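S.K.: Mind having a look at this structure? Questions to follow.
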Amino acid sequence: MAAPVDVNYNFTDAELDELRAFGVVESHKAGDLIVEEGAMAPDCIITLSGHTDIFASTDEGRIRVGWMEHGQFAGDLSVLTGQRHLSRVEMGADGDILRIVHADFQRLIAGNSHYSDIFIRVLSARREFSNTRGFAVTIVLGAAMDRSVYALRDLLMKHGVAHRWFDPADGPVAGHLMAERGITDEQLPAVILGAADVLIQPTPEQLAASLGLDLLPDGATADVLVVGSGPGGLAAAVYAASEGLTVIALDALAPGGQAGTSSKIENYLGFPTGISGNELARRATVQAQKFGARLVSPVRAASIGRDGDDAYCVHLVDGRKLRSRAIVVASGAQYQRLPIDGIESYEGRGIYYGATPMEAQLCGNAEVTVVGSGNSAGQGAIYLASVAKKVYVIFRRKGLRETMSEYLVKRLEEHPNIEIIGSTDVVALRGEDKLEGLTYRCRDTGAEDFCDCKFLFLFLGASPNTGWLPKEMVCDAKGFVKTGADIAPLELVRAGWSLDRMPSRFETSWPRIYAIGDVRKGSVKRVASSVGEGSVVVSDIHQALAEVAGTP
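Residue numbers (this note's numbering): 3 to 554.
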């Protein structure tokens with residue numbers, strides 16, 4: 003066996019005969035290149051005879067990480083998603099392979115449940131194996147408190163890209179890699195992508211493009227354009243694509259939204275032991291891509307305009323334009339900051355808006371402060387307490403039970419590493435290039451105190467992310483989008499509603515534009531609710547598209 007059984011599968015001869023209809027049999031000599039490292043939209047390679055070798059360029063040099071024998075296939079999730087393939091496949095011994103090109107592989111996955119289950123289970127397991135094992139060919143070099151390093155690692159983590167991070171101050175590995183690749187201190191941060199590419203001070207967008215996370219061409223069209231890939235947007239993408247609609251789903255950072263930063267969701271149906279927001283987002287992303295949805299990030303929508311009588315155009319911040327007959331606005335909400343001047347200078351340098359393994363790695367055995375009284379704050383505090391020396395939970399209210407689930411309150415109260423401090427505000431921050439301490443004030447007495455806590459996690463709720471929507475789209479006083487019966491007849495007239503019917507339950511004041519999840523007025527701020535809205539809205543989209551003749 004080339005790998006542990008949970009990350010491999012042997013097709014039977016009967017299955018191989020069926021799979022031949024989707025690909026081409028090729029004969030190769032030992033040493034022949036089958037898939038190049040760095041290839042976009044890599045082919046699926048199934049070994050028929052001989053064996054194929056898998057090589058990867060890591061911080062330890064170029065090593066063989068596996069081999070595939072008769073009936074086994076190479077690759078990880080990039081074979082499904084079309085993203086950059088970060089390993090090299092060579093023929094290890096004379097023999098034959100079955101090559102299924104990327105487009106035909108997608109057709110196979112979408113149309114055959116039996117093979118879809120096999121490929122997705124194994125490809126997902128391999129990606130998880132790479133992450134948990136600490137093996138990675140993507141390497142980030144830079145200082146721990148460099149906000150650019152944080153942004154790059156955050157992107158990689160949220161997209162499930164296995165990577166290793168080396169701080170030059172922590173040991174000789176970073177220096178060795180820098181000398182080997184000719185990277186100077188002034189060029190940090192840098193990202194090494196296998197043997198071929200080194201990105202010097204890349205932006206998250208540049209890194210995403212290099213990894214194949216954003217290959218969306220200008221002028222792309224779809225039946226449904228989903229703006230925002232949190233739980234609601236992902237659900238809409240899954241259901242729309244599974245029902246035969248072409249789908250493009252966008253996100254400003256990565257799939258998952260605010261839920262993706264949750265360390266553990268324990269009250270989501272079907273997961274009795276809980277699931278992290280990031281893992282839930284990864285599973286939903288693979289599910290959407292299985293049905294042919296195109297997920298693209300990080301990209302940010304700038305505006306929506308009408309494109310004729312039956313379509314809309316979404317303008318992206320980078321200048322690209324996308325056309326669609328229906329749009330699902332699932333842009334969620336924006337994190338709220340503390341009302342402290344200069345707070346943005348500490349973001350990524352001691353101030354964070356989510357508690358994930360990446361943040362936990364930074365604050366191990368340190369004192370941290372969590373601000374907030376909702377479930378996200380409770381989940382974050384409990385998670386951080388497993389690695390931190392002490393966790394202070396600060397909030398404005400008298401108690402937690404008004405806003406936090408009882409099971410979380412009890413865990414906070416009983417945890418030996420957690421101290422609960424109510425009726426208190428953080429009023430000042432200290433530090434030069436990173437957070438060095440904070441001042442907090444008791445609301446009851448006005449007394450102030452200072453602590454040298456260097457890590458502050460903010461879970462203060464959020465405001466609707468609707469600034470990019472047209473001013474004619476009806477929102478309430480707080481900026482949440484009105485839908486369905488919440489829109490008054492006069493508001494519809496002012497918005498230019500042109501249809502004989504009234505808006506459906508999630509439809510906005512513009513026909514065939516829908517709002518779901520946290521961005522919608524009256525939504526329940528729960529993952530399950532957003533998923534429900536994302537699935538249900540697709541039936542409304544089908545009915546509305548039936549009213550429109552033609553295609554984009």
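We treat Cβ as the ideally placed atom computed from N, Cα and C, and that holds for glycine.
Given the structure is predicted, the values throughout are model-derived calculations rather than measurements.
1. Which runs of the alpha helix (DSSP H) at least 4 residues long sit entirely within the segment 389 to 421? Give them in chain order.
2. Threshold first: 4 residues or longer. Then list the alpha helix (DSSP H) segments lying entirely within the segment 11 to 76, N to C.
3. Taking Val-476 as the reference, give the member of Ile-489, Asn-467, Trp-470 and Ala-464 with the closest Cα.
4. Near Arg-296, which residues of its chain fall below 6 angstroms by C-beta distance, leaving aside the five closest residues on each side in sequence?
5. Looking at C-alpha atoms only, which residue of Pro-170, Thr-140 and Ala-210 is the closest neighbour of Leu-157?
6. Considering only C-alpha positions, which residue in the set Ala-313, His-317 and Phe-508 is nearest to Val-550?
7. Excluding sequence positions up to five away, which residues of its chain have a Cβ less than 6 angstroms from the Cβ of Phe-107?
8. Quick check: the Cα distance between Gln-291 and Asp-478, rounded to an integer number of angstroms?
9. Whole angstroms are fine: how far does the CA of Gly-524 sit from the CA of His-161?
10. Based on the DSSP secondary-structure assignment, which residues constitute the bridge partners of Ser-132?
11. Are three or more beta carbon pairs between the segment 126 to 133 and the segment 89 to 98 nearer than 8 angstroms?
12. Would you mind reading off the limits of the beta strand (DSSP E) that contains Phe-508?
13. Can you tell me where the alpha helix (DSSP H) holding Ile-111 begins and where it ends?
14. Once the 5 residues before and after Gly-481 are set aside, which same chain residues still bring their CB inside 6 angstroms of it?
15. Out of Leu-18, Ala-138, Ile-48 and Ala-153, which has the shortest C-alpha to C-alpha gap to Gly-350?
16. Alpha carbons only, please: which of Lys-266, Ile-277, Val-301 and Met-180 is nearest the one belonging to Pro-206?
17. State yes or no: is the C-beta of Phe-457 within less than 7 angstroms of the C-beta of Gly-352?
18. Run the CB neighbour count on Asp-19, radius 10 Å, all protein chains shown included, and call it buried at 16 or more, exposed below.
19. Along the chain, where does the beta strand (DSSP E) that runs through Ser-465 open and close?
20. What's the gap between the Cα of Leu-213 and the Cα of Ser-89?
21. Under the assumption that Val-27 contacts Arg-128 (Cβ atoms under 8 angstroms), give the Cβ distance between them as a whole number of angstroms.
22. Apart from the five residues on each side of it in sequence, which residues of its chain come closer than 7 angstroms, Cβ to Cβ, to Ile-99?
23. By the DSSP assignment, the alpha helix (DSSP H) with Ile-384 in it spans what residues?
24. Whose C-alpha, out of Gly-376, Lys-400 and Val-389, is nearest the C-alpha of Met-406?
25. Buried or exposed: Asn-367, going by 16 or more other Cβ atoms within 10 Å of its Cβ?
26. Which class does Glu-361 belong to by DSSP, given the choice of helix, strand or coil?
27. Nearest to Gly-307 by CA position, among Glu-474, Gly-259 and Ala-239, is which residue?
28. From Thr-60 to Asn-419, what does the alpha carbon distance come to, in whole angstroms?
29. Please name the residue in Gly-63, Lys-323, Ala-23 and His-317 whose C-alpha comes closest to that of Glu-182.
30. Name the one or two DSSP bridge partners that Cys-477 has.
31. Roughly how many angstroms separate the alpha carbons of Arg-403 and Val-411, rounded to a whole number?
32. For my contact list, Ser-333 and Val-229 are in at a C-beta cut-off of 8 angstroms; report their separation, rounded to the angstrom.
33. What does the alpha-carbon distance come out to for the pair Leu-255 and Gly-463?
34. Could you have a look at Arg-445 and say whether DSSP puts it in helix, strand or coil?
35. For Ala-328, write down the residues that DSSP places opposite it in a beta bridge.
36. My output table needs one value for Ala-5: the three-state DSSP class, helix, strand or coil.
M.R.: On the basis of the coordinates in this document:
1. 408 to 416, all fully within the segment 389 to 421.
2. For the segment 11 to 76, whole alpha helix (DSSP H) runs of length 4 or above, ordered along the chain, are 15 to 21.
3. Put simply, of Ile-489, Asn-467, Trp-470 and Ala-464 the residue whose alpha carbon is nearest the alpha carbon of Val-476 is Ile-489.
4. So the list reads Ile-250, once near-sequence residues are dropped.
5. Of Pro-170, Thr-140 and Ala-210, the residue nearest in Cα terms is Ala-210.
6. Looking at the Cα atoms, Ala-313 is the closest of the given residues.
7. Answer for Phe-107: Cys-46, listed in chain order.
8. Straight across, the Cα-Cα distance linking Gln-291 with Asp-478 is about 34 angstroms.
9. Cα atoms of His-161 and Gly-524: separation of roughly 30 angstroms, rounded to the nearest angstrom.
10. Looking at the DSSP assignment, Ser-132 forms no beta bridge with any residue, so it has no partner.
11. Fewer than three beta-carbon pairs drawn from the segment 126 to 133 and the segment 89 to 98 are found closer than 8 angstroms, and the two stretches are therefore not classed as touching.
12. Looking at the DSSP string, Phe-508 is not in any beta strand (DSSP E), and its letter there is neither H nor E.
13. That run of the alpha helix (DSSP H) goes 104 to 113.
14. Around Gly-481: Pro-466 and Thr-468.
15. For Gly-350, the nearest C-alpha among the options comes from Ala-153.
16. Per the Cα distances, Val-301.
17. Between Phe-457 and Gly-352, the C-beta spacing is below 7 angstroms.
18. Exposed is the label assigned to Asp-19, since fewer than 16 other Cβ atoms lie within 10 Å of its Cβ.
19. For Ser-465, the enclosing beta strand (DSSP E) covers residues 464 to 466.
20. Going by C-alpha positions, Leu-213 is about 13 angstroms away from Ser-89.
21. In fact, because the Cβ distance is near 24 angstroms, the residues do not count as touching under 8 angstroms.
22. Here the set comprises Glu-28, His-30, Ile-36, Ile-47, Ile-48, Thr-49, Leu-50 and Thr-54.
23. 377 to 387 is the extent of the alpha helix (DSSP H) around Ile-384.
24. Nearest Cα to Met-406 within the set Gly-376, Lys-400 and Val-389: Gly-376.
25. Exposed, by the Cβ-count rule.
26. Looking at Glu-361 - three-state DSSP - the assignment turns out to be helix.
27. Ranking Glu-474, Gly-259 and Ala-239 by Cα distance to Gly-307 puts Glu-474 first.
28. C-alpha separation (whole angstroms): 38 angstroms.
29. Checked all of Gly-63, Lys-323, Ala-23 and His-317; the closest Cα to Glu-182 is Gly-63.
30. Per the DSSP secondary-structure output, Cys-477 pairs in a beta bridge with Val-483.
31. So the two alpha carbons sit approximately 7 angstroms from each other.
32. Between the beta-carbon of Ser-333 and that of Val-229 there is about 5 angstroms, and that keeps the pair under the 8 angstroms contact cut.
33. Rounded to the nearest angstrom, the two C-alpha atoms are 18 angstroms apart.
34. Looking at Arg-445 - three-state DSSP - the assignment turns out to be coil, as it is neither helix nor strand.
35. Paired residue(s): Val-226.
36. Note that Ala-5 scores 43 on pLDDT, short of 50, meaning its location in the model is unreliable; the coordinates nonetheless yield the value given after this. Secondary structure at Ala-5: coil, using DSSP grouped into helix, strand and coil.
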